[in-house]
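Numbering (the numbering used here), first residue to last: 389 to 1127.
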């Protein structure tokens, strides 16, 4: 119970996001400083008013809210402050009158709906939802959060959508609905990724990492926390690095690595003491460190840490944090058998909990308080020499009562043993029936699994049919390789080849092979593509994208890589929109597509035997890409020349613009590489980190003088050594060509 209580507090204080926790007078001084910008003054005034509880202070806070509301009225720029001041005014008035504020909030929502002000509808719906959430009325909270999400989506406020999904993630967690909680958390993460909000991505990834640890899904937890750590390091902000480390502390505690958790928490505590200076997280982290020390049996150290946390809480009048530290102190004193201090800490903890909750504790807590009072009385009686005779008499009566109790225990034990035997027999019969049912279900599941695997294996044969044979690629590029390693049976990555010609004489067959001519210029198109997802969903998208590439070249006769990607994107978007129009989810927009590196080469062709064509010279290379770049290693050079891709996918995107084509002159001995992101993104090594593009480049440069077939083997071996026991993260597709 103590750890669960501390964890909930951790979510509120540490993970709950940045909060202003400075001294109250500082906020009030900022509001009264006329030299400060209005927006800064108003935020400070609202922050100060929000935390006032004393009657006289509430009146002053209410006056500040009225001033801010009047000053921001009608200002589009400061509309948010106006709404916040209005909401806080409602709260403070309800605090004075004792009437619940919810009716006034609902009235404001109805006004906003009537005036068709979408921004205000979303604001008041979210405020009402928050009102219900802090009162643990979760169904009502979710009802109004749904209204807020609808209007935020309509007005394009995606970050606030993500924030609401975070709240739903928390609510479902409180209701112990793990699947729904994780679904909302992952959905919030996708929203933040779609708007490229780095700090929100780090925040949500770390939250999910800790949540998976709480649900004992340690592998997923570790993977997400590693991603969050890498993002925080790349972001370069010490505060976010510290924040992610705090989340890993819970993972370590769940893994039984209490000392490692303590080390991380101590780093976070040192950071707050040196840079942040907020007393609330400082006091709380002392409590969490002390609780971990208790798990290691270091009771005296735990007491020392909890006392420091209590000192900070008392200094800044932090009631809840004082309770956290008192909880650990109480547990530690009980462990030591120091009943006097245990009783004193428990008594203060009980009184503070009464102040916070404003009501009676449960019967279990009251019973524990009575036990401590009884122990205190027994302790005092044992020191009272005058009452020795009375104590002896009571002891004799107790012995007689114990004998009577022993008889009852023997009789009750016999009855209980009989009941246990009956229950065990009943349980044996139930398990026997359950095992029969489980055996039948296992057979059904195994049959279904075989059918699914057989279907996917057949899908693999279909997908292989759309991939160009390696022999065809080697006909076009004698010294080349294709490293293709799907994560699952089928893949979202694919490689693509198309050969066409501007013939002087003759015709070309349906497969793009050249025939019946003496000499012509051939255009060879080759690409490495990475479709959305992997496995079966990725394979389905790859079929659509492969078909779109073929149509762009064969049906529309395009040869320029940039124009091919423009037309391919148009076809892909049309195909998915067509599918959505006939689906049950007509309002759901599909943004699937692909990242790709596509090149075209014009080479002189000379007729040899039959239809066989030797491509013996290269005049130019054109490249266009969606997120995936082109790398070129010049003959005799020790560096990679990178041609960057367009920052958009081949699919639905909020910024529509044509793809750029780049031209590169190639000479005999030059090498170029096309690839998806699966190779560089693989986790592995001693520290379980990403391989990264920088290491990928180093490997290519180290093997640049080897034949392409050997380069492929070396790349595969490096990948397997790096991956080790880690799961393969994504499909891998790497194409290498030496001119």
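Virtual Cβ for every residue (Gly too), placed ideally from N, Cα, C.
*In the DSSP assignment, what residue or residues form a beta bridge with residue 886?*
913
*Would you call the CB atoms of residue 918 and residue 1058 closer than 8 Å?*
no
*Alpha carbon to alpha carbon, how far is residue 456 from residue 335? Give it in angstroms, no decimals.*
The chain is shown from 389 up to 1127; residue 335 falls before or after that span and cannot be answered.
*Can you list, in chain order, the stretches of the beta strand (DSSP E) that have 3 or more residues and sit fully within the segment 569–650?*
none
*Quick one: what's got a C-beta closer than 7 Å to residue 424's C-beta in the same chain, skipping five residues either side?*
Non-local beta-carbon contacts of residue 424 in its own chain, meaning distances under 7 Å to residues more than five positions away in sequence, involve 418 in chain order.
*Assign residue 653 to buried or exposed, taking buried as 16 or more other Cβ atoms, counted over all protein chains shown, within 10 Å of its Cβ.*
buried
*Cβ-Cβ separation, residue 1047 to residue 954 (assumed contact under 8 Å), whole Å*: 6 Å
*What's the C-alpha gap between residue 1125 and residue 1111?*
25 Å
_Within the segment 535–567, ranges of the beta strand (DSSP E) (whole runs, at least 3 residues)_ = none
*Report yes if the C-beta of residue 1118 is less than 7 Å from at least one heavy atom of the ligand HEM; otherwise report no.*
The ligand HEM is not part of the structure shown, which contains no ligands of any sort.
*Could I get the ranges of all uninterrupted alpha helix (DSSP H) runs contained in the segment 654–730, with 4 residues as the minimum, in chain order?*
Taking only runs of at least 4 residues, the alpha helix (DSSP H) segments lying wholly in the segment 654–730 are 667–683, 687–703 and 707–724.
*Is the shortest distance between the beta-carbon of residue 548 and the beta-carbons of chain D less than 8 Å?*
Chain labels in this structure do not include chain D; a single protein chain is all it has.
*asked:* Taking the straight line between their C-alpha atoms, what separation do you get for residue 825 and residue 836?
replied: 17 Å
*State the Cα-Cα distance for the pair residue 583 and residue 589, rounded to the nearest angstrom.*
10 Å
*For residue 799, does the three-state DSSP call read helix, strand or coil?*
Correct three-state label for residue 799: helix.
_Terminal residues of the alpha helix (DSSP H) in which residue 923 lies_ = 923–938
*residue 914 and residue 885 look like a contact to me (Cβ under 8 Å); what is the Cβ gap, rounded to whole Å?*
5 Å
*Span of the beta strand (DSSP E) around residue 873*: 868–873
*Cutoff 6 Å; reference residue 490; Cβ partners in own chain excluding five residues on either side*: 519
*asked:* Using DSSP's beta-bridge definition, name the partner residues of residue 850.
replied: BP columns for residue 850 are empty, so no partner.
_Buried or exposed by the 16-neighbour rule on C-beta atoms within 10 Å, applied to residue 1042_ = exposed
_Own chain partners of residue 615 with C-beta closer than 6 Å, once the 5 adjacent residues on each side are dropped_ = 593
*Give the single residue among 804, 671 and 1034 whose Cα lies nearest to the Cα of residue 696.*
671
_residue 819, DSSP secondary structure in three states_ = helix
*Label residue 1113 either buried or exposed according to how many other C-beta atoms from any shown protein chain fall within 10 Å of its C-beta, with 16 as the threshold for buried.*
exposed
_Nearest to residue 949 (by Cα), restricted to the options 525, 1013, 934 and 548_ = Residue 949 has its Cα closest to that of 1013, out of 525, 1013, 934 and 548.
*asked:* Using C-beta distances below 8 Å, list every residue in its chain close to residue 1049, excluding the 5 sequence neighbours before and after it, in chain order.
replied: 948, 949, 950, 951, 1010, 1011 and 1012
_Cβ neighbours of residue 1119 in the same chain (closer than 6 Å, five flanking residues each side left out)_ = Within the same chain, and ignoring the five residues on either side of residue 1119 in sequence, the residues whose Cβ sits closer than 6 Å to its Cβ are 874, 875, 879, 880, 881, 922 and 1066.
*Are the segment 569–578 and the segment 539–547 in contact at 8 Å, needing three or more beta carbon pairs?*
no
*asked:* Does the contact criterion of 3 or more C-beta pairs under 8 Å hold for the segment 930–946 versus the segment 954–964?
replied: Result yes; three or more Cβ-Cβ pairs closer than 8 Å.
*State yes or no: is the C-beta of residue 720 within less than 8 Å of the C-beta of residue 682?*
Going by beta carbons, residue 720 and residue 682 fall inside the 8 Å limit.
*Put residue 994 into one of helix, strand or coil per three-state DSSP.*
Residue confidence is low: residue 994 scores 48 on pLDDT, short of 50, so the model does not pin down where it sits. Its coordinate-derived value is still stated next. Here residue 994 sits in strand by DSSP.
_Can you tell me whether residue 554 is buried or exposed? The criterion is at least 16 other CB atoms within 10 Å of its CB, across all chains shown._
buried
*Could you round the C-beta distance between residue 526 and residue 559 to whole angstroms and report it? I think they count as a contact, below 8 Å.*
Contact between residue 526 and residue 559 holds: CB atoms are separated by about 5 Å, below the 8 Å threshold.
*How far does the beta strand (DSSP E) with residue 1103 in it reach, from first residue to last?*
Segment 1096–1111 is the alpha helix (DSSP H) holding residue 1103; no beta strand (DSSP E) there.
_residue 854 to residue 983 span [Cα, whole Å]_ = Counting only the Cα atoms, residue 983 lies some 18 Å from residue 854.
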